[in-house]
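J.: Numbering (the working numbering), first residue to last: 1 to 395. A virtual CB, placed ideally from N, CA and C, is assigned to each residue, including glycine.
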Ligand SMILES: [Zn+2]
Ligand SMILES: [Zn+2]
């Protein structure tokens, strides 16, 4: 029974840390211990480390930490790429060493020895493609083709020049301060890839996310089937029920089966839990980016839209208050007896105005599900017909 409780605690703590890290800043967690864990994980722990280094090594230690922080967060570096390679390599090595000798098993054919290697190789290939492909770097010699790809919407993108690159900024582009270049249809700078995600490599990035999600699900299911095969081949259920007299029902047998699995196959069980957690995280990330791609928005634009909506709401609120104040001032001047009802009218007018001037997000780049998906697969700036049409139009 102790092993099961250990497993339950391990699962709960992992879930708490993951939820706190990813969602702790949400307003519903304000003032809760989840928010406190989030603050500790995102900045508190690092502050403690800084203070510890400063008190132990003095000024020089602090400076070394700051330059390390600058290198890790503000400069292109392969640290997370190496961590990805290490995680993938070590996990696959552990699976080969501990699980491959059970393949073929009762539920899993020999072919999975080879398909697993193929699946991992495709994952690595997609990682390399995303990491080392051009995201759509805007330079003086190619700026015209990016300028013709998207029009300025004059809401979140208007015509201007990049102050660093000294070239016109195409609509939807952004200057990446880490890479020091302007990138077309900029999504975000991905530290795991040590590359920007832009117009030309969003397709590889999406394929990477989708494939790694499938890879983790495949690993979870395959190892679970190996363990199920071992249960079947070693007749564990029969032994538990016949020899030990344990009642043959799921509720009664499950703790004993978990105990047996943890005793005999602890590595495989931990790898299954690890892969299941990673696949859930990847599913969330994939869903978020799929929604952005299908509505032809980028991560950068979603932040810009948030700022725009917040700013517009403030402006609308100010307008409504001014109208309401004017209405109440007029009312007070004419009928002093109905004082309370005038304020009521003013408040109603304010809420009515707010309803009327609701902020509308007009995404001119959203051309429907099919066109949006096609733009990810074949970027506009790479299409031959697109350039020919633009040339003939301008000619
Ligand atoms: Zn630039
Ligand atoms: Zn970048």
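Could you spell out the range, first to last residue, of the alpha helix (DSSP H) harbouring residue 212?
T.: 202–233
J.: Inspect the CB distances between the segment 117–130 and the segment 247–254 and report whether three or more fall short of 8 angstroms.
T.: Contact between the segment 117–130 and the segment 247–254 is absent, because fewer than three Cβ pairs lie under 8 angstroms.
J.: What I want to know is whether the C-beta of residue 79 ends up closer than 7 angstroms to one or more non-hydrogen atoms of ligand 2.
T.: False, no ligand heavy atom lies under 7 angstroms from that Cβ.
J.: CA-CA distance, residue 45 and residue 66?
T.: Take the alpha-carbon of residue 45 and the one of residue 66: they are about 15 angstroms apart.
J.: Cβ of residue 196 within 8 angstroms of Cβ of residue 176?
T.: yes
J.: So what does residue 137 bridge to, in DSSP terms?
T.: The secondary-structure analysis by DSSP pairs residue 137 across a beta bridge with 183.
J.: If you compare alpha carbons, which of 157, 205 and 68 is closest to residue 129?
T.: 205
J.: In three-state DSSP terms, what is residue 162?
T.: coil
J.: Using a threshold of 7 angstroms, is the CB atom of residue 212 nearer than that to any non-hydrogen atom of ligand 2?
T.: Flag unset: Cβ of residue 212 not near ligand 2.
J.: Can you tell me which of 50, 108 and 34 puts its alpha carbon nearest to the alpha carbon of residue 232?
T.: 108
J.: Does residue 146 pass the burial test, meaning 16 or more other C-beta atoms within 10 Å, or should it be called exposed?
T.: buried
J.: In this structure, how does DSSP classify residue 197 when only helix, strand and coil are distinguished?
T.: strand
J.: Identify the residues that DSSP records as bridge partners of residue 168: which are they?
T.: 161
J.: Would you say the segment 253–272 touches the segment 145–164, given that touching needs at least three Cβ pairs under 8 angstroms?
T.: no
J.: What do you get for residue 395, buried or exposed, if any count of 16 or more other CB atoms within 10 angstroms of its CB means buried?
T.: Because residue 395 carries a pLDDT of 43, less than 50, the predicted location of this residue cannot be relied on, and the following value inherits that uncertainty. Exposed, because fewer than 16 other Cβ atoms sit within 10 Å of the Cβ of residue 395.
J.: Return the chain-ordered ranges of every beta strand (DSSP E) run that is complete within the segment 225–288 and spans a minimum of 3 residues.
T.: none
J.: Against chain C, does residue 156 count as a neighbour if the rule is that its beta carbon must be under 8 angstroms from one of theirs?
T.: Looking for chain C here will not work: only one protein chain is present.
J.: One question on the structure: do residue 238 and residue 133 come within less than 8 angstroms of each other, judged by their Cβ atoms?
T.: no
J.: Is it true that the CB of residue 185 sits closer than 8 angstroms to the CB of residue 229?
T.: no
J.: What is the DSSP secondary structure of residue 174, counted as helix, strand or coil?
T.: Note: residue 174 maps to strand in three-state DSSP.
J.: Short check: CB of residue 300 to CB of residue 375, under 8 angstroms?
T.: no
J.: Between 151, 84 and 314, which lies nearest to residue 278 when the distance is taken from Cα to Cα?
T.: 84
J.: If you drop the 5 nearest sequence neighbours on each side, which residues of the same chain put their C-beta closer than 8 angstroms to that of residue 312?
T.: Around residue 312, the same chain offers 359 as residues with beta carbons nearer than 8 angstroms, after the five sequence neighbours per side are excluded.
J.: Keeping to the same chain, check which residues put their C-beta closer than 6 angstroms to that of residue 165; ignore five residues upstream and five downstream.
T.: Taking residue 165 as the centre and dropping the five residues before and after it, the same chain places the C-beta of 182 closer than 6 angstroms to its C-beta, in chain order.
J.: Give me the Cβ distance between residue 161 and residue 172, rounded to the nearest whole Å; I'm assuming they're in contact under 8 angstroms.
T.: Rounded, the Cβ-Cβ distance is 16 angstroms, inconsistent with contact.
J.: CA-CA distance, residue 149 and residue 94?
T.: 47 angstroms
J.: Run the proximity test for residue 189: is its beta-carbon closer than 7 angstroms to any non-hydrogen atom belonging to ligand 2?
T.: yes
J.: Ligand 1 and residue 267: does any heavy atom of the ligand fall closer than 7 angstroms to the residue's C-beta?
T.: Using a cutoff of 7 angstroms, the CB of residue 267 does not count as near ligand 1, since none of the ligand's heavy atoms is closer than that.
J.: Any chance the CB of residue 73 is under 7 angstroms from a heavy atom of ligand 2?
T.: no
J.: By Cβ distance, which residues of its chain are closer than 6 angstroms to residue 379, with the 5 residues on each side in sequence left out?
T.: Cβ neighbours of residue 379 beyond the five flanking positions: 199 and 200.
J.: With respect to 7 angstroms, is the separation between the Cβ of residue 220 and the closest non-hydrogen atom of ligand 1 below this value?
T.: In this structure, residue 220 has its beta carbon at no less than 7 angstroms from each heavy atom of ligand 1.
J.: Could you tell me which whole alpha helix (DSSP H) segments of length 4 or greater appear in the segment 362–386?
T.: DSSP runs (the alpha helix (DSSP H)) wholly in the segment 362–386: 369–377.
J.: Are the beta-carbon atoms of residue 79 and residue 72 separated by less than 8 angstroms?
T.: yes
J.: Could you tell me the boundaries of the beta strand (DSSP E) in which residue 188 lies?
T.: Counting along the chain, the beta strand (DSSP E) containing residue 188 begins and ends at 188–190.
J.: Among 58, 235, 270 and 361, which has the Cα closest to the Cα of residue 98?
T.: 270
J.: So residue 33 is in the alpha helix (DSSP H); what residue range does that whole segment cover?
T.: 33–39
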